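*Asks:*
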Amino acid sequence: MSLTHLNARGEAHMVDVADKPESRREASASGHITMRHDTLALLAEGGLPKGDVLATARIAGIQAAKRTHELIPLCHALALSKVAIDFTLNEAQSCVEVTATCRLNGRTGVEMEALTAVSVACLTLYDMCKAVDKDMVINAIRLEAKTGGKSGDYRRGEVVGEGIGQAAGETVVTGAEGPIVTGQYHGGRVALGSRCDIASPCIRVKCLAELRERLGVGELSVPLADLARPDVGGLKAALKGLDSRFAALDEGRVLVAVNQVMASDVTPITDEDEVAFFPPVTGG
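If you read the sequence shown in numbering that gives the first Met the number 0, its first letter stands for residue 0, the second for the next number, and so on.
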(Lines of atoms letter the chains of each structure in order from A; the text may use other names.)
(Lines give C-alpha, C1' and ligand atoms only; values in the text may rest on other atoms or scores of the structure.)
Protein backbone atom coordinates (compact mmCIF):
# COMPACT_ATOMS: atom_id res chain seq x y z
CA MET A 0 0.00 0.00 0.00
CA SER A 1 1.39 3.41 -0.97
CA LEU A 2 0.76 6.86 0.47
CA THR A 3 -1.34 8.81 -2.03
CA HIS A 4 -0.12 12.21 -0.83
CA LEU A 5 3.50 11.44 -1.84
CA ASN A 6 4.62 11.51 -5.47
CA ALA A 7 7.28 9.28 -7.07
CA ARG A 8 10.04 11.47 -5.60
CA GLY A 9 8.57 11.29 -2.11
CA GLU A 10 7.33 14.89 -2.23
CA ALA A 11 4.00 15.93 -0.72
CA HIS A 12 1.35 16.90 -3.27
CA MET A 13 -2.42 17.23 -3.60
CA VAL A 14 -4.00 14.14 -5.16
CA ASP A 15 -5.69 14.79 -8.52
CA VAL A 16 -9.24 13.45 -8.20
CA ALA A 17 -10.60 14.81 -11.49
CA ASP A 18 -10.82 11.39 -13.13
CA LYS A 19 -12.48 9.67 -10.19
CA PRO A 20 -16.21 8.88 -10.52
CA GLU A 21 -18.55 10.75 -8.21
CA SER A 22 -20.19 8.72 -5.48
CA ARG A 23 -22.02 9.29 -2.23
CA ARG A 24 -19.45 9.46 0.55
CA GLU A 25 -20.04 9.69 4.28
CA ALA A 26 -17.82 9.56 7.36
CA SER A 27 -18.42 9.74 11.09
CA ALA A 28 -15.93 10.50 13.85
CA SER A 29 -16.09 10.74 17.61
CA GLY A 30 -14.22 12.10 20.61
CA HIS A 31 -14.90 13.28 24.14
CA ILE A 32 -13.89 15.92 26.64
CA THR A 33 -13.62 14.95 30.31
CA MET A 34 -14.38 17.52 33.00
CA ARG A 35 -15.27 17.80 36.66
CA HIS A 36 -18.72 16.61 37.71
CA ASP A 37 -19.74 20.11 38.81
CA THR A 38 -18.65 21.51 35.42
CA LEU A 39 -20.78 18.94 33.59
CA ALA A 40 -23.72 19.81 35.84
CA LEU A 41 -23.33 23.52 35.06
CA LEU A 42 -23.18 22.73 31.34
CA ALA A 43 -26.36 20.64 31.55
CA GLU A 44 -28.16 23.37 33.48
CA GLY A 45 -27.02 26.18 31.18
CA GLY A 46 -25.21 27.86 34.05
CA LEU A 47 -21.83 28.55 32.43
CA PRO A 48 -20.83 32.20 31.95
CA LYS A 49 -20.50 32.11 28.15
CA GLY A 50 -24.06 30.92 27.56
CA ASP A 51 -25.34 28.07 25.39
CA VAL A 52 -22.29 25.81 25.28
CA LEU A 53 -23.59 22.99 23.10
CA ALA A 54 -25.17 25.26 20.49
CA THR A 55 -21.92 27.19 20.14
CA ALA A 56 -19.82 24.03 19.90
CA ARG A 57 -22.18 22.60 17.28
CA ILE A 58 -21.86 25.66 15.05
CA ALA A 59 -18.07 25.67 15.53
CA GLY A 60 -17.86 22.01 14.47
CA ILE A 61 -19.99 22.59 11.37
CA GLN A 62 -17.91 25.62 10.37
CA ALA A 63 -14.68 23.69 10.92
CA ALA A 64 -15.83 20.84 8.68
CA LYS A 65 -16.60 23.32 5.88
CA ARG A 66 -13.14 24.89 6.21
CA THR A 67 -11.04 21.77 6.67
CA HIS A 68 -9.12 22.49 3.45
CA GLU A 69 -7.86 25.72 5.05
CA LEU A 70 -6.46 23.82 8.03
CA ILE A 71 -5.12 20.56 6.56
CA PRO A 72 -2.69 21.47 3.75
CA LEU A 73 -3.45 18.75 1.17
CA CYS A 74 -7.24 18.50 1.61
CA HIS A 75 -9.58 19.53 -1.19
CA ALA A 76 -12.28 22.17 -0.76
CA LEU A 77 -15.50 20.15 -0.65
CA ALA A 78 -19.16 21.03 -1.17
CA LEU A 79 -20.54 19.17 1.84
CA SER A 80 -24.23 18.27 1.69
CA LYS A 81 -24.50 17.42 5.40
CA VAL A 82 -22.61 18.11 8.61
CA ALA A 83 -24.25 16.87 11.82
CA ILE A 84 -22.76 17.32 15.30
CA ASP A 85 -24.28 15.49 18.28
CA PHE A 86 -23.48 15.53 21.98
CA THR A 87 -24.08 13.03 24.78
CA LEU A 88 -23.61 14.09 28.41
CA ASN A 89 -22.07 11.05 30.08
CA GLU A 90 -22.56 11.53 33.81
CA ALA A 91 -20.89 8.24 34.73
CA GLN A 92 -17.64 9.18 32.98
CA SER A 93 -18.06 12.93 33.63
CA CYS A 94 -17.54 13.84 30.00
CA VAL A 95 -19.25 15.15 26.90
CA GLU A 96 -19.15 12.70 24.01
CA VAL A 97 -19.03 14.34 20.60
CA THR A 98 -19.89 12.72 17.26
CA ALA A 99 -19.77 14.27 13.79
CA THR A 100 -21.12 12.98 10.49
CA CYS A 101 -20.22 14.50 7.11
CA ARG A 102 -21.66 13.61 3.72
CA LEU A 103 -21.37 14.62 0.06
CA ASN A 104 -21.66 13.36 -3.49
CA GLY A 105 -18.14 13.77 -4.82
CA ARG A 106 -14.76 12.37 -5.81
CA THR A 107 -12.97 12.31 -2.46
CA GLY A 108 -13.81 11.21 1.05
CA VAL A 109 -14.89 13.26 4.05
CA GLU A 110 -12.98 11.54 6.86
CA MET A 111 -10.84 14.61 7.57
CA GLU A 112 -13.92 16.83 7.65
CA ALA A 113 -15.58 14.61 10.28
CA LEU A 114 -12.40 14.45 12.38
CA THR A 115 -11.88 18.21 12.14
CA ALA A 116 -15.48 18.84 13.15
CA VAL A 117 -15.10 16.71 16.30
CA SER A 118 -11.75 18.32 17.15
CA VAL A 119 -13.01 21.88 16.89
CA ALA A 120 -16.27 21.08 18.68
CA CYS A 121 -14.23 19.68 21.60
CA LEU A 122 -11.92 22.71 21.58
CA THR A 123 -14.96 24.98 21.66
CA LEU A 124 -16.37 23.06 24.62
CA TYR A 125 -13.07 23.65 26.38
CA ASP A 126 -13.17 27.37 25.58
CA MET A 127 -16.76 27.70 26.76
CA CYS A 128 -16.06 25.91 30.05
CA LYS A 129 -12.49 26.93 30.87
CA ALA A 130 -13.57 29.79 33.15
CA VAL A 131 -14.66 27.22 35.74
CA ASP A 132 -12.50 24.20 34.83
CA LYS A 133 -9.05 24.35 33.27
CA ASP A 134 -8.28 20.68 33.97
CA MET A 135 -10.50 19.37 31.17
CA VAL A 136 -8.94 16.77 28.86
CA ILE A 137 -9.82 16.07 25.23
CA ASN A 138 -9.47 12.38 24.33
CA ALA A 139 -10.01 9.61 21.78
CA ILE A 140 -10.70 11.61 18.62
CA ARG A 141 -11.05 8.92 15.98
CA LEU A 142 -12.75 7.86 12.78
CA GLU A 143 -15.73 5.58 13.46
CA ALA A 144 -16.92 4.76 9.94
CA LYS A 145 -16.75 5.75 6.29
CA THR A 146 -18.64 4.68 3.18
CA GLY A 147 -18.08 5.19 -0.52
CA GLY A 148 -14.99 5.50 -2.67
CA LYS A 149 -12.52 3.07 -4.20
CA SER A 150 -11.19 1.86 -0.84
CA GLY A 151 -14.67 0.66 0.17
CA ASP A 152 -16.48 0.90 3.48
CA TYR A 153 -14.86 0.98 6.90
CA ARG A 154 -16.29 0.62 10.37
CA ARG A 155 -14.15 0.66 13.49
CA GLY A 156 -14.02 -2.82 15.00
CA GLU A 157 -14.93 -4.69 11.83
CA VAL A 158 -11.41 -5.29 10.51
CA VAL A 159 -11.16 -9.02 9.88
CA GLY A 160 -7.81 -10.72 10.22
CA GLU A 161 -5.54 -12.92 12.25
CA GLY A 162 -3.43 -11.97 15.23
CA ILE A 163 -2.09 -13.21 18.52
CA GLY A 164 -4.90 -14.96 20.34
CA GLN A 165 -7.27 -14.32 17.42
CA ALA A 166 -8.41 -16.89 14.93
CA ALA A 167 -8.96 -16.14 11.27
CA GLY A 168 -12.23 -14.33 10.72
CA GLU A 169 -12.62 -13.09 14.30
CA THR A 170 -13.33 -9.44 15.03
CA VAL A 171 -12.35 -8.20 18.47
CA VAL A 172 -12.01 -4.61 19.60
CA THR A 173 -10.46 -4.01 23.00
CA GLY A 174 -12.26 -1.53 25.24
CA ALA A 175 -11.61 -0.11 28.68
CA GLU A 176 -13.66 -2.83 30.40
CA GLY A 177 -12.59 -5.72 28.18
CA PRO A 178 -13.13 -6.90 24.60
CA ILE A 179 -15.93 -5.44 22.50
CA VAL A 180 -17.18 -8.26 20.33
CA THR A 181 -18.71 -8.26 16.88
CA GLY A 182 -20.25 -11.64 16.07
CA GLN A 183 -23.26 -13.91 16.26
CA TYR A 184 -25.33 -15.19 19.17
CA HIS A 185 -26.00 -18.92 18.98
CA GLY A 186 -28.17 -20.35 21.73
CA GLY A 187 -26.38 -18.82 24.70
CA ARG A 188 -23.00 -17.97 23.23
CA VAL A 189 -21.48 -15.40 20.92
CA ALA A 190 -19.80 -16.81 17.85
CA LEU A 191 -17.36 -14.51 16.08
CA GLY A 192 -17.33 -13.99 12.34
CA SER A 193 -19.00 -11.95 9.62
CA ARG A 194 -22.33 -10.35 10.48
CA CYS A 195 -25.55 -12.38 10.13
CA ASP A 196 -23.99 -15.38 8.43
CA ILE A 197 -26.06 -17.87 10.40
CA ALA A 198 -28.39 -20.04 8.37
CA SER A 199 -31.58 -19.31 10.29
CA PRO A 200 -33.52 -16.00 10.21
CA CYS A 201 -31.91 -13.51 12.57
CA ILE A 202 -32.00 -10.02 14.04
CA ARG A 203 -28.93 -7.79 13.75
CA VAL A 204 -28.25 -6.02 17.07
CA LYS A 205 -26.03 -2.98 17.52
CA CYS A 206 -24.93 -1.32 20.76
CA LEU A 207 -23.78 2.21 20.03
CA ALA A 208 -21.60 4.91 21.61
CA GLU A 209 -21.11 4.75 25.39
CA LEU A 210 -23.45 1.74 25.66
CA ARG A 211 -21.06 -0.31 23.53
CA GLU A 212 -18.24 0.48 25.95
CA ARG A 213 -20.35 -0.38 29.01
CA LEU A 214 -21.61 -3.71 27.69
CA GLY A 215 -18.45 -4.73 25.87
CA VAL A 216 -20.46 -5.69 22.78
CA GLY A 217 -20.54 -3.89 19.45
CA GLU A 218 -22.69 -6.07 17.17
CA LEU A 219 -24.18 -9.55 17.24
CA SER A 220 -26.90 -11.55 15.54
CA VAL A 221 -29.73 -13.23 17.43
CA PRO A 222 -31.71 -16.07 15.79
CA LEU A 223 -35.33 -15.02 15.42
CA ALA A 224 -36.42 -18.41 16.76
CA ASP A 225 -34.75 -17.64 20.10
CA LEU A 226 -37.17 -14.78 20.80
CA ALA A 227 -40.16 -15.63 23.00
CA ARG A 228 -42.11 -13.04 20.99
CA PRO A 229 -41.12 -11.18 17.78
CA ASP A 230 -40.75 -7.67 19.17
CA VAL A 231 -38.11 -5.49 20.83
CA GLY A 232 -39.16 -6.68 24.29
CA GLY A 233 -38.67 -10.29 23.24
CA LEU A 234 -35.23 -9.42 21.86
CA LYS A 235 -34.25 -7.77 25.15
CA ALA A 236 -35.32 -10.89 27.03
CA ALA A 237 -33.19 -13.09 24.75
CA LEU A 238 -30.18 -10.81 25.22
CA LYS A 239 -30.57 -10.82 29.01
CA GLY A 240 -30.66 -14.61 28.88
CA LEU A 241 -27.36 -14.49 27.01
CA ASP A 242 -25.55 -12.24 29.50
CA SER A 243 -26.59 -10.33 32.63
CA ARG A 244 -24.89 -7.20 31.32
CA PHE A 245 -27.79 -6.75 28.90
CA ALA A 246 -30.01 -5.90 31.87
CA ALA A 247 -28.73 -2.37 31.23
CA LEU A 248 -31.05 -2.25 28.19
CA ASP A 249 -34.00 -1.83 30.54
CA GLU A 250 -32.65 1.40 31.96
CA GLY A 251 -34.92 4.33 31.19
CA ARG A 252 -32.11 6.27 29.52
CA VAL A 253 -31.43 3.61 26.86
CA LEU A 254 -33.16 4.27 23.52
CA VAL A 255 -33.87 1.81 20.72
CA ALA A 256 -34.35 2.09 16.95
CA VAL A 257 -35.50 -0.54 14.47
CA ASN A 258 -34.08 0.01 10.98
CA GLN A 259 -33.07 3.53 12.07
CA VAL A 260 -36.60 4.44 13.21
CA MET A 261 -37.26 5.11 16.90
CA ALA A 262 -39.04 2.18 18.54
CA SER A 263 -40.33 0.76 21.83
CA ASP A 264 -40.60 -2.66 23.49
CA VAL A 265 -43.79 -3.47 21.56
CA THR A 266 -42.33 -2.64 18.13
CA PRO A 267 -42.45 -5.82 15.99
CA ILE A 268 -39.25 -7.13 14.42
CA THR A 269 -38.61 -9.70 11.74
CA ASP A 270 -35.80 -11.42 9.82
CA GLU A 271 -32.82 -9.17 8.91
CA ASP A 272 -34.12 -6.20 10.91
CA GLU A 273 -31.43 -4.03 12.47
CA VAL A 274 -32.08 -3.10 16.11
CA ALA A 275 -29.83 -0.44 17.64
CA PHE A 276 -29.61 0.37 21.35
CA PHE A 277 -27.99 3.66 22.30
CA PRO A 278 -27.82 6.33 25.01
CA PRO A 279 -29.78 9.54 24.52
CA VAL A 280 -28.20 12.35 22.53
CA THR A 281 -28.64 15.87 23.76
CA GLY A 282 -27.91 19.10 21.98
CA GLY A 283 -28.16 22.84 22.22
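The beta-carbon is built from N, C-alpha and C at its ideal position, and this holds for glycine as well. Source: prediction; values computed, not measured.
Quick check: the Cα distance between valine 274 and lysine 205, rounded to an integer number of angstroms?
*Replies:* 6 Å
*Asks:* Check whether the stretch 54-69 touches the stretch 133-150, counting contact only when three or more Cβ pairs, one atom from each stretch, lie closer than 8 Å.
*Replies:* no
*Asks:* I need the straight-line Cα distance from tyrosine 314 to proline 278, nearest angstrom please.
*Replies:* The question about residue 314 has no answer, for the chain in this structure spans 0 to 283.
*Asks:* To the nearest angstrom, report how far apart threonine 269 and proline 200 are at their CA atoms.
*Replies:* 8 Å
*Asks:* So what does histidine 36 bridge to, in DSSP terms?
*Replies:* Residue pairing by DSSP places histidine 36 in no beta bridge whatsoever.
*Asks:* Determine the burial state of glycine 177: buried for a count of at least 16 other Cβ atoms within 10 Å of its Cβ, exposed for fewer.
*Replies:* Because glycine 177 carries a pLDDT of 41, less than 50, the predicted location of this residue cannot be relied on, and the following value inherits that uncertainty. The residue in question, glycine 177, is exposed, as its Cβ has fewer than 16 Cβ neighbours within 10 Å.
*Asks:* I'd like the span of the alpha helix (DSSP H) that includes serine 118, first residue to last.
*Replies:* 110-128
*Asks:* To the nearest angstrom, report how far apart glycine 108 and leucine 79 are at their CA atoms.
*Replies:* 10 Å
*Asks:* Terminal residues of the continuous beta strand (DSSP E) containing valine 95?
*Replies:* Valine 95: member of the beta strand (DSSP E) spanning 94-105, first to last residue.
*Asks:* Buried or exposed: valine 95, going by 16 or more other Cβ atoms within 10 Å of its Cβ?
*Replies:* buried
*Asks:* Do glycine 215 and cysteine 121 count as a contact pair if the criterion is CB distance below 8 Å?
*Replies:* no
*Asks:* Taking the alpha-carbon positions, what's the proline 267 to aspartate 230 distance?
*Replies:* 4 Å
*Asks:* My output table needs one value for aspartate 272: the three-state DSSP class, helix, strand or coil.
*Replies:* coil
*Asks:* Where does serine 243 fall in DSSP's three states?
*Replies:* helix
*Asks:* Is the distance from the Cβ of alanine 99 to the Cβ of glycine 60 below 8 Å?
*Replies:* yes
*Asks:* Can you check whether the CB of alanine 247 is closer than 8 Å to the CB of alanine 256?
*Replies:* no
*Asks:* If we call anything under 8 Å between Cβ atoms a contact, is phenylalanine 276 one with leucine 207?
*Replies:* In contact: phenylalanine 276 and leucine 207 (Cβ atoms closer than 8 Å).
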